[in-house]
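Chemist: Before I ask anything, let me first share the structure, which is written out below as structure tokens.
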Amino acid sequence: MAIASFRKTAPATTAAPTGVVAAAAAAVPSPEQPAPAGAVAAPASSAMEAYTPSSPITRRPAGPATDDVVGDVDFSDIRLPRLNLVQRTGELPDKFDFGSIVLNKEAVLPQPVRFIALNMKKQWQEKTEYGSGESGQVFNSREEVIAAGGTFGFKDGQFSELAHVHLLVEKPEGFETDPANAGVVDLFMYEIGGAVWAPAVISVGRSAYTSMAKALLTARQFTLRDGLWRGLWELSAAVQKGAKGSWVTPTPKFIGKLDEELSALTSRIRKGE
């Protein structure tokens, strides 16, 4: 699969300068911000609502030099839209159906959702009681977990893998005609192959790490060994059942590789160029 055209569109209104949003797609999540607990990408705490990526470089401007934003601004000032799966617990079930994929806690994206993974960061998160709404401690490496006296596994108090994936998600056909989506339409700003895409971040732990992060990492090792940003995917929510009830996990399906011209452009987006 090759998609051959690319341009950045100018949304009618923009919550942040375009260069800032593009640069944020290249940022790595901050270890100080707790990641969501559970096998879902939906944050359960108010701390996650304030999630902001941080720059892999200590400090640099978040976008091109302009005169409309001045001061000491960097990636820590940027908050990317979140992609969430609606579970049985948390605040999202009050507004959306179980198993829905929601952008920025505002709009449902019809499944499957097409996406391009720009980059990923792996961490280790402490397991908390399912449905408690609490987020456990997060560390960047196994060594940090061991140094803190932690152990690995899936019991409460133990640590397991967590990944933050930065994406471009495709705008569904006719999406802008639904008044319910008005709050997120302007997030879609990159035109690729005749479709328009928005930057987003999804965090996956436990069974969601297995279903999504491992699929991306496996592709990165083989099919996409030259870079995650070269691949086109579709994302669906799959229902899982266990002793404590049912939940959904993000399940990606690989569609194909982008052509060289487009891959170079998606690489520029992930680096904030």
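If you use my numbering, the sequence shown closes out at 307, no skipped numbers anywhere. Using N, Cα and C, we set each Cβ at its ideal position, and we do this for glycine too.
Suppose you measure from the CA of Gln255 to the CA of Lys156; what does that come to, to the nearest Å?
Modeler: Roughly 15 angstroms between the two C-alpha positions.
Chemist: Using only the alpha-carbon positions, how far apart do Asp101 and Ile112 sit?
Modeler: Taking the straight line joining both Cα atoms gives about 18 angstroms.
Chemist: How long is the line joining the alpha carbons of Glu295 and Val219, rounded to whole angstroms?
Modeler: Distance between the alpha carbons of Glu295 and Val219: 27 angstroms.
Chemist: Pairs of beta-carbons, one from the segment 121-130 and one from the segment 173-180, closer than 8 angstroms: are there three or more?
Modeler: With the cut-off at 8 angstroms, the segment 121-130 and the segment 173-180 do not touch.
Chemist: Which residue's Cα is closest to the Cα of Ala272: Pro115, Leu119, Val107, Val104?
Modeler: Per the Cα distances, Leu119.
Chemist: Hey, how far is the Cα of Ile289 from the Cα of Ile226?
Modeler: Computed Cα separation, rounded: 15 angstroms.
Chemist: Kindly list the residues whose CB is nearer than 6 angstroms to the CB of Ala56, restricted to its own chain and excluding five residues on each side of it in sequence; keep chain order.
Modeler: Annotation note: pLDDT 36 at Ala56 (below 50); position unreliable, coordinate value reported separately. Only Ile303, Gly306 meet the Cβ criterion.
Chemist: Where Lys205 and Met223 are concerned, what is the direct C-alpha to C-alpha distance, given to the nearest angstrom?
Modeler: Roughly 10 angstroms between the two C-alpha positions.
Chemist: If contact is defined by three or more beta carbon pairs under 8 angstroms, each pair taking one atom from either stretch, is the segment 244-262 in contact with the segment 211-218?
Modeler: No: fewer than three Cβ pairs fall under 8 angstroms.
Chemist: Rounded to the nearest angstrom, how far is the Cβ of Thr137 from that of Leu117, given a contact under 8 angstroms?
Modeler: Residue identity differs from the one stated: residue 137 is Leu in this sequence, not Thr. Indeed, because the Cβ distance is near 6 angstroms, the residues count as touching under 8 angstroms.
Chemist: Quick one: is Gly239 buried, meaning 16 or more other Cβ sit within 10 Å of its Cβ, or exposed?
Modeler: So Gly239 counts as buried.
Chemist: Would you mind working out which of Ser134, Pro233, Leu152 sits nearest Pro316, comparing C-alpha positions?
Modeler: There is simply no residue 316 to check, as the chain begins at 35 and stops at 307 in what is shown.
Chemist: Are the Cβ atoms of Leu196 and Ser237 separated by less than 8 angstroms?
Modeler: Yes, the pair counts as a contact, with Cβ atoms nearer than the cut-off.
Chemist: Under the assumption that Val203 contacts Trp231 (Cβ atoms under 8 angstroms), give the Cβ distance between them as a whole number of angstroms.
Modeler: Indeed, because the Cβ distance is near 6 angstroms, the residues count as touching under 8 angstroms.
Chemist: Just to confirm the assignment, what range does the alpha helix (DSSP H) spanning Thr244 have?
Modeler: It is not in any alpha helix (DSSP H) - Thr244 carries neither H nor E in the DSSP assignment.
Chemist: Pull up the distance between the alpha-carbon of Leu269 and that of Val104, whole angstroms please.
Modeler: Between Leu269 and Val104, the C-alpha separation is close to 38 angstroms.
Chemist: For the alpha helix (DSSP H) containing Ser363, list its first residue and its last residue.
Modeler: Outside the shown range of the chain (35 to 307) lies residue 363, about which nothing can therefore be said.
Chemist: Taking C-alpha atoms, which residue in Ser194, Ala298, Val235, Thr244 lies nearest to Ala151?
Modeler: Among Ser194, Ala298, Val235, Thr244, the Cα nearest to that of Ala151 belongs to Val235.
Chemist: Consult DSSP for Asn215 and reduce its assignment to one of helix, strand or coil.
Modeler: Helix.
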